[in-house]
Amino acid sequence: MLNQQSELNDSLLTPGELAKREGLRARKPYVANKLAKISAMEERGEISPIIRLEKSYLCNFQCTHCSAEYYMDRHLDKVLHVTDDRKKIDLEKIKDISQQADALGLARFVITGGEPLVMRDLDEVVAAIDPEKHYVIVDTNGWFLDLEKAKHLKSIGVEKIQLSLDSLVEEEHDNFRNKPGSYKKVMKAIDATIDAGLNLLLSTVLIKGQPKTQAFLDLCKFSTDKGVGLYVSYAKPTGSCTDHPEFVIDKEDADILRSLEKEYMVFTHMTPSYGSFKGCITVKGIITVTSTGEITPCPYIDFSIGNLYENSLKEILDRGMGNPWLGPHRPDCLIGEDPKFIKIHTEKTAGAKHLPLPWGQGFTDDDSLMD
Amino acid sequence: MKNDGVAQSDSNFDQYGRCIPSSLTPPVHKESRRYFTITQPQVDYHEIYHRLNKVFNFSAQLSVSDFEARAEAILSQLRNDECNQNITSGVAVPFILPQANYVDIGEAFQSTYLDGVKQAFQQMYPTHSFDNFCKDSLQGKFSTTKGSRQNTLIQAMQKGVVVGYYFPCLLEYSVPAAIERIAALPEYCILAGGFDTSSAFIGSPSLLLREDGYPPLLWASGFSSDNANEGYHFEAYGYDLTFNRRMHLGQVAEYWASGLVVLG
Chain V
31 MLNQQSELND SLLTPGELAK REGLRARKPY VANKLAKISA MEERGEISPI
81 IRLEKSYLCN FQCTHCSAEY YMDRHLDKVL HVTDDRKKID LEKIKDISQQ
131 ADALGLARFV ITGGEPLVMR DLDEVVAAID PEKHYVIVDT NGWFLDLEKA
181 KHLKSIGVEK IQLSLDSLVE EEHDNFRNKP GSYKKVMKAI DATIDAGLNL
231 LLSTVLIKGQ PKTQAFLDLC KFSTDKGVGL YVSYAKPTGS CTDHPEFVID
281 KEDADILRSL EKEYMVFTHM TPSYGSFKGC ITVKGIITVT STGEITPCPY
331 IDFSIGNLYE NSLKEILDRG MGNPWLGPHR PDCLIGEDPK FIKIHTEKTA
381 GAKHLPLPWG QGFTDDDSLM D
Chain U
13 MKNDGVAQSD SNFDQYGRCI PSSLTPPVHK ESRRYFTITQ PQVDYHEIYH
63 RLNKVFNFSA QLSVSDFEAR AEAILSQLRN DECNQNITSG VAVPFILPQA
113 NYVDIGEAFQ STYLDGVKQA FQQMYPTHSF DNFCKDSLQG KFSTTKGSRQ
163 NTLIQAMQKG VVVGYYFPCL LEYSVPAAIE RIAALPEYCI LAGGFDTSSA
213 FIGSPSLLLR EDGYPPLLWA SGFSSDNANE GYHFEAYGYD LTFNRRMHLG
263 QVAEYWASGL VVLG
């Protein structure tokens with residue numbers, strides 16, 4: 031995930047941010063102009079969600095809290111003993127999505143997964159998105175991100191790297207990621223990203239009680255001292271975390287984190303930024319395109335709001351914004367904090383072999399907050 | 013309390029004090045699951061009076077006992093009104109407004125009332141903050157909303173110190189629905205605007221502070237700008253209180269609410 035509300039009003043930017051904006055304007059004026067129009071779009075009630083693209087779920091890690099684990103072939107093969115014969119998105123479809131997004135004024139793509147840096151066709155995916163038309167971010171665990179790779183990503187048009195870092199305590203990070211050596215790799219990846227001239231965002235998953243710990247404060251301080259934002263994602267009761275309901279944060283955790291935003295470069299997807307006060311960003315600020323062309327309203331909600339092989343992107347976004355859970359402004363995280371929605375989500379996804387649940391099985395036209 | 017469970021048809025308010033929507037044209041939620049709720053602050057008339065007097069300096073015109081008597085009379089009047097008694101089952105905080113005749117309500121709101129909220133909030137919560145995200149001048153920006161009955165409140169302020177009760181009871185109403193709902197309520201019900209809502213926060217700074225859940229956002233729907241699609245509101249952010257502007261576009265959200273005031 032990236033700073034969802036970034037790249038908006040020039041007047042609200044720091045000198046460093048403004049310099050980056052000017053650099054983008056010089057290199058990619060079309061992208062910069064689209065980004066500059068986001069505030070005006072929001073004033074008109076239009077949305078400009080970041081598009082997370084999950085073309086492949088192949089990953090060299092098996093993290094404790096992974097939201098994508100249940101989408102992965104290894105889970106389907108070894109746990110559910112099923113194969114996924116649904117139609118998969120290809121480069122042509124990605125080009126089509128890019129064009130549809132561009133026509134709607136959408137400007138940002140995040141390539142995620144899975145681990146993007148194990149994708150053999152990553153360069154082709156970046157090209158299909160078209161970095162001259164969209165701001166492209168790569169969301170990675172950093173294992174394969176050395177200086178050479180970082181420079182290569184920069185050369186093909188990637189603008190920003192989002193690196194996962196769960197703790198400054200090496201053992202804790204490696205344990206949480208279930209990958210010895212991953213801490214050392216991500217630390218090298220941080221330097222490689224900066225040295226290659228790419229923008230950098232660190233991301234971490236927050237579990238219950240963590241905001242009160244010195245280890246978390248150390249992580250906030252590390253990020254701030256580096257001049258790099260720390261994106262904090264609440265652990266959600268989905269994916270691998272379904273087996274860890276004790277990870278789900280409470281209101282106190284969320285409030286402590288909001289207080290830390292004043293002191294550190296730390297933020298969540300609900301953090302107001304650059305004059306944008308979206309609250310929960312489902313559909314409004316983010317969507318995920320899964321490998322089967324389904325669109326989910328958030329990386330952690332396994333209900334589709336439509337399939338790009340059946341409906342246009344605009345139709346799907348309109349449908350999402352019309353859903354009572356997703357469209358209206360709300361201050362909290364729907365899938366991370368609202369017990370009623372969490373219960374509905376848990377019950378409907380229990381036993382599902384293929385995620386996300388298609389439109390009509392998860393979200394429906396008849397959804398109501400009162401059911 | 014009049015209702016047990018489902019509101020009776022002649023009551024304007026349900027058992028929790030929420031104003032029941034009645035055949036409104038603009039968007040409103042017919043029912044509420046009560047997810048975004050406000051915890052009733054303690055009503056200590058002495059403390060509330062002194063917080064408000066620090067900002068408005070009305071002690072020569074109104075004593076603590078007069079404040080309490082006038083405020084309690086409002087509640088008594090409501091409790092004796094069969095159709096509206098349930099409003100007292102919801103959240104309610106008393107407030108005081110100074111005698112004043114403002115040429116520009118936007119300028120007065122910004123210079124006196126928002127500053128007053130900041131002062132009161134930060135005095136009660138020194139480690140928290142009140143953040144006003146509206147950096148532009150509000151001078152010449154506001155008028156009273158047509159249909160809000162805010163002019164009644166403005167006129168009362170011209171005559172003397174005003175005592176009232178603020179009820180954040182238009183829960184899950186769009187701003188246009190809140191305005192429309194006023195027309196079917198008794199004449200003494202006024203849609204809360206900038207002065208009354210601010211005064212409620214000055215007297216009761218903890219109004220939106222909740223540690224176990226999220227309170228609603230409160231629109232100052234009785235004040236309007238030139239743009240019918242935008243509104244100004246108070247909102248909690250963690251342990252902080254904020255004031256801001258946003259586009260509501262006439263839409264409804266479970267998180268959005270407006271308030272009613274009754275003067276006494």
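Chains as they are written, first to last, in our numbering: chain V, 31 to 401; chain U, 13 to 276.
In this text, a Cβ means the ideal position worked out from N, Cα and C, and glycines have one as well.
- In the DSSP secondary-structure assignment, THR156 (chain U) is bridged to U:PHE235.
- For the pair LYS42 (chain U) and LEU36 (chain U), the Cα-to-Cα distance works out to about 10 Å.
- In this structure, U:TYR114 is the residue among U:TYR114, U:PRO180, U:TYR178 with its C-alpha nearest to the C-alpha of GLN151 (chain U).
- The CB of LEU261 (chain U) comes closer than 7 Å to the CB of GLY75 in chain V, given here in chain order.
- A Cβ of chain U is located within less than 8 Å of the beta carbon of LEU399 (chain V).
- When only Cα atoms are considered, ALA112 (chain U) and PHE121 (chain U) end up about 12 Å apart.
- Put simply, the stretch 162 to 173 of chain U does not touch the stretch 243 to 262 of chain U. Fewer than three CB pairs are less than 8 Å apart.
- With the criterion set as a beta carbon lying under 7 Å from some beta carbon of chain U, the members of the stretch 285 to 301 of chain V are ASP285, ARG288, SER289, in sequence order.
- Looking at the DSSP output, MET217 (chain V) bridges to nothing.
- Against chain V, the CB of ARG45 (chain U) has a partner CB under 8 Å away; the residue lies at that interface.
- In the DSSP secondary-structure assignment, ARG74 (chain V) is not bridged to any residue.
- Under the Cβ distance rule, ASP22 (chain U) does not count among the residues neighbouring chain V, no pair being separated by less than 8 Å.
- Taking 8 Å as the threshold, the shortest C-beta distance from HIS203 (chain V) to chain U does not fall below it.
- Ranking V:GLU72, V:LEU147, V:ILE186 by CA distance to the CA of GLY135 (chain V) puts V:GLU72 first.
- Taking the beta carbon of GLU282 (chain V) as reference, the chain U residues within 8 Å of it are GLU223, listed in sequence order.
- Contact of TYR244 (chain U) with chain V by beta-carbon distance below 8 Å is absent, the smallest such distance being about 13 Å.
- At the C-beta level, GLY143 (chain V) and SER86 (chain V) come within 8 Å of one another.
- For ILE325 (chain V), the uninterrupted beta strand (DSSP E) run begins and ends at 324 to 326, by DSSP.
- With a threshold of 8 Å between beta carbons, ARG349 (chain V) makes no contact with chain U.
- When DSSP states are grouped into helix, strand and coil, THR376 (chain V) belongs to the helix group.
- Counted as a single uninterrupted DSSP element, the alpha helix (DSSP H) harbouring LYS64 (chain V) occupies residues 59 to 66.
- By a beta-carbon distance limit of 8 Å, VAL148 (chain V) contacts LEU88 (chain V). Their separation comes to about 5 Å.
- With a cutoff of 8 Å on beta-carbon distance, PHE255 (chain U) and LEU126 (chain U) are scored as near each other.
- Taking each of V:ILE81, V:THR376, V:LEU290, V:ILE167 in turn and checking the Cα distance to GLN244 (chain V), the smallest one comes out for V:LEU290.
- Closer than 8 Å to the CB of TYR267 (chain U) there is at least one CB belonging to chain V.
- Close partners of PRO361 (chain V) in chain U (Cβ separation under 7 Å): TYR226, TYR267.
- For PRO358 (chain V), the chain U residues whose C-beta falls within less than 9 Å of its own C-beta are GLN263, VAL264, ALA265, GLU266, TYR267, TRP268, listed in chain order.
- At least one C-beta of chain V is nearer than 8 Å to the C-beta of ARG258 (chain U).
- Counting along the chain, SER97 (chain V) sits inside no beta strand (DSSP E), nor does DSSP assign it H or E at all.
- Taking the beta carbon of TYR249 (chain U) as reference, the chain V residues within 7 Å of it are ARG288, listed in sequence order.
- Within 7 Å of the CB of PHE307 (chain V), the CB atoms of chain U belong to ASN256, ARG258, in sequence order along the chain.
- Below 8 Å, too few C-beta pairs join the stretch 86 to 95 of chain U and the stretch 50 to 62 of chain U to call them touching: fewer than three.
- Cβ atoms of THR320 (chain V) and TYR101 (chain V) come within 8 Å of each other, at about 7 Å.
- Counting along the chain, the unbroken beta strand (DSSP E) around TYR165 (chain V) starts and ends at 165 to 170.
- Counting only unbroken stretches of 3 or more residues, the beta strand (DSSP E) elements lying wholly within the stretch 155 to 190 of chain U are 174 to 183, in sequence order.
- The C-beta of PRO146 (chain V) has 16 or more other C-beta atoms within 10 Å across all chains shown, which makes the residue buried.
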